[in-house]
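Heads up: the structure comes next, in structure tokens.
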Amino acid sequence: MSESSLWLTFGGGTKLELKRNDAKPTVSIFPPSNEQLQAGGASVVCFINNFYPKDIGVKWLVDGNEQRNGILNSFTDQDSKDSTYSLSSTLSLTKAEYDSHNLYSCQVTHKTSSTAIEKSFNKNEC
1 MSESSLWLTF GGGTKLELKR NDAKPTVSIF PPSNEQLQAG GASVVCFINN
51 FYPKDIGVKW LVDGNEQRNG ILNSFTDQDS KDSTYSLSST LSLTKAEYDS
101 HNLYSCQVTH KTSSTAIEKS FNKNEC
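The opening residue of the sequence shown carries number 1 in UniProt numbering; numbering runs sequentially from there.
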């Protein structure tokens, strides 16, 4: 058994975090689907994968301005194969809000990078 695949649970579900070397996250951003826009909503999703340690910062920018509302962050459990973490961050907007802006950015800060990792898309180029 490799040291990076060991999970131990104690008592009422207390999990033991496995230590490993720091791992820099990979970041991807996805615009809302056409089906979602037709239904009147818009979710922009940022996937942050394969990072360690778990402490991470996510900031949403819309046309260069920080967005603080309508954000849901969801962590996965520590991966049983490589002991890294993943996070999905979803920015939920109405279709009208989405249509009134152009540039959507997900900015990630983590100890493995001296500068923020940023992924963006321009709605008019999708």
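Quick reminder that beta carbons are idealized off the backbone N, C-alpha and C, glycines included.
From T109, N102 and A96, residue whose alpha carbon lies closest to that of A39: In terms of Cα proximity to A39, the closest of T109, N102 and A96 is A96.
Runs of beta strand (DSSP E) lying entirely within the UniProt domain "Ig-like" (25-122), each at least 3 residues, in chain order: Runs of the beta strand (DSSP E) lying entirely within the UniProt domain "Ig-like" (25-122) and spanning at least 3 residues, in chain order: 26-30, 41-51, 57-62, 65-67, 71-75, 85-94, 103-109 and 117-122.
Within 8 Å, strictly: CB atoms of L91 and Q107: no
Sub-8 Å separation of N34 and T84 beta-carbons: no
Buried or exposed by the 16-neighbour rule on C-beta atoms within 10 Å, applied to K111: It is exposed - the Cβ of K111 has fewer than 16 other Cβ atoms within 10 Å.
For L72 and W7, the rounded distance between their alpha carbons: In this prediction, W7 scores a pLDDT of 49, lower than 50, which makes its location untrustworthy; the coordinate-derived value is nonetheless stated afterwards. Each residue's alpha carbon lies about 27 Å from the other.
Contacting residues, own chain, Cβ-Cβ under 7 Å from C126 (five flanking each side not counted): Excluding positions up to five away in sequence, the list reads P31.
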